[in-house]
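Quick mapping for you: the protein sequence lines, in order, are chains A and B. Here the working numbering is used: position 52 in the first sequence is 52, and no number is missing along the way. Here the working numbering is used: position 34 in the second sequence is 147, and no number is missing along the way. In what follows, a single structure is set out as structure tokens and then discussed.
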Amino acid sequence: DAEITQSPRHKITETGRQVTLACHQTWNHNNMFWYRQDLGHGLRLIHYSYGVQDTNKGEVSDGYSVSRSNTEDLPLTLESAASSQTSVYFCASSESTQSYEQYFGPGTRLTVT
Amino acid sequence: AQKVTQAQTEISVVEKEDVTLDCVYETRDTTYYLFWYKQPPSGELVFLIRRNSFDEQNEISGRYSWNFQKSTSSFNFTITASQVVDSAVYFCALSEVSSNTGKLIFGQGTTLQVKP
């Protein structure tokens, strides 16, 4: 069965360190998204990609970067982790842009101390 | 500006009660999509339904039903005869065609607790 996976599921890091969260999907979807979930804010879009070599900024992209070298993977990098980036991060993919639902990974809980 | 409001932060009901989760949205687009997702205690996000702005037919799926009313910009979700397994956080989301990004604009979520 097709799926979307994230690793690690839990991560504790120190302020200032670079951290990379992995996202891998086997749906063969062109569109991939990264969201963060914080209490009181729902989910907010960090970055998204429509295909290989394509990346775009979302509403809360400062301090994050992504790269898309193949269809299956969209890793999210925190260049210099900050305590404000403590959150739960979700990766998602979809078949199309607006009209199709997004399928979400299980999430990564990141704590920055 | 686009926005999704779920005014009910938390709802607590007793098993077998019916419960309605409210969702009000704001958009200037005439073409858009609305979604509901469920997030059980295990944390994953589960897609429940998608509705486009041209289809105001209500939908029923088992104990779940959705009422879409463009006149009031609402897309409410009703669970009939609730069960403990329905306990979760429920998110309403909006996708605007004009943005051409595919991004989902989420409400803040409603936590539903169903007590035995």
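By construction, the Cβ of each residue, glycine as well, lies at the ideal position given by its N, Cα and C atoms.
Neighbouring residues, chain A, relative to residue i (Cβ below 7 Å)
i	result
ARG163(B)	GLU101
LEU217(B)	GLN102
THR140(B)	Residues of chain A passing the Cβ test: none, with the nearest at roughly 12 Å.
Presumed contact (8 Å Cβ cut-off) between residue i and residue j, rounded CB distance
i	j	result
HIS29(A)	SER94(A)	6 Å
LYS129(B)	TYR203(B)	Not a contact, Cβ separation roughly 19 Å.
VAL60(A)	ALA81(A)	Not really, about 15 Å apart at Cβ, beyond 8 Å.
CYS91(A)	TRP27(A)	Their Cβ separation, rounded to whole angstroms, is 12 Å, which puts CYS91(A) and TRP27(A) out of contact at 8 Å.
ARG68(A)	SER96(A)	Actually they are not in contact, since the Cβ atoms of ARG68(A) and SER96(A) sit about 17 Å apart, beyond 8 Å.
VAL127(B)	LEU225(B)	Between LEU225(B) and VAL127(B) the Cβ distance is about 12 Å, and since that is not below 8 Å, they are no contact.
GLY58(A)	LYS116(B)	Rounded, the Cβ-Cβ distance is 16 Å, inconsistent with contact.
ARG36(A)	PRO106(A)	Not really, about 15 Å apart at Cβ, beyond 8 Å.
CYS136(B)	PHE219(B)	Contact doesn't hold; Cβ gap of about 10 Å is too wide.
PHE160(B)	GLU101(A)	5 Å
ASP73(A)	CYS23(A)	7 Å
GLU157(B)	PHE104(A)	7 Å
THR108(A)	GLN6(A)	5 Å
THR193(B)	ILE124(B)	Not confirmed; about 15 Å, so no contact.
VAL66(A)	PRO75(A)	7 Å
LEU207(B)	LEU134(B)	In fact, because the Cβ distance is near 15 Å, the residues do not count as touching under 8 Å.
Start-to-end residues for the beta strand (DSSP E) that takes in residue i
i	result
HIS29(A)	First-last for HIS29(A): undefined, no H or E at that position.
ALA81(A)	Per DSSP, ALA81(A) belongs to no beta strand (DSSP E) and is neither H nor E.
LYS216(B)	LYS216(B) -> no beta strand (DSSP E), and no H or E assigned at all.
ASP54(A)	54-57
LEU189(B)	This sequence places Asn at residue 189(B); Leu is not what is there. Residues 187-192.
LYS183(B)	First-last for LYS183(B): undefined, no H or E at that position.
GLU209(B)	201-209
ARG109(A)	108-112
LEU21(A)	19-25
TYR100(A)	Note, TYR100(A): premise wrong, no beta strand (DSSP E); not H, not E.
GLU65(A)	Glu is not the amino acid found at residue 65(A); the sequence shown has Ser there. It spans 64-66 - the beta strand (DSSP E) in which SER65(A) sits, taken as one unbroken run.
Interface residues of chain A facing residue i [CB-CB closer than 9 Å]
i	result
PHE148(B)	GLU101 and GLN102
PHE190(B)	Under the 9 Å cutoff, chain A gives no residues; its nearest Cβ is about 15 Å from PHE190(B).
PHE160(B)	GLU101, GLN102, TYR103 and PHE104
THR118(B)	Here the premise fails: no neighbours, minimum Cβ distance about 10 Å.
Contacts that residue i makes with chain A (C-beta to C-beta distance below 8 Å)
i	result
PHE204(B)	GLY42 and LEU43
THR133(B)	None at all; the shortest Cβ gap to chain A is about 19 Å.
GLN221(B)	GLY40, HIS41 and GLY42
THR224(B)	By Cβ distance, chain A contributes nothing, its closest Cβ being about 11 Å from THR224(B), past 8 Å.
Chain B residues whose Cβ lies nearer than 7 Å to that of residue i
i	result
SER80(A)	Result: empty, since nearest Cβ-Cβ is about 25 Å, beyond 7 Å.
GLY51(A)	Going along chain B, no residue has its Cβ under 7 Å from GLY51(A), so there is no contact; the nearest lies around 12 Å.
TYR64(A)	Per Cβ cutoff of 7 Å: no residues; TYR64(A) is ~15 Å from chain B at best.
PRO106(A)	GLY156 and GLU157
Complete beta strand (DSSP E) runs within the segment 130-180 of chain B (minimum length 3 residues, chain order) | Here the runs fully enclosed are 132-134, 137-139, 145-152, 159-165 and 172-174.
For the segment 16-31 of chain A, enumerate the residues whose C-beta is nearer than 7 Å to any C-beta of chain B, in chain order.
-> So the list reads ASN31, given in the order they occur along the chain.
Quick one: which residues of the segment 1-17 of chain A get their C-beta closer than 8 Å to a C-beta of chain B? List them in chain order.
-> Cβ contacts with chain B come from no residue of the segment 1-17 of chain A.
Going along the chain, which residues of the segment 82-96 of chain A sit with their C-beta nearer than 9 Å to a C-beta in chain B?
-> Flagged, chain order: VAL88, PHE90, ALA92, SER94 and SER96.
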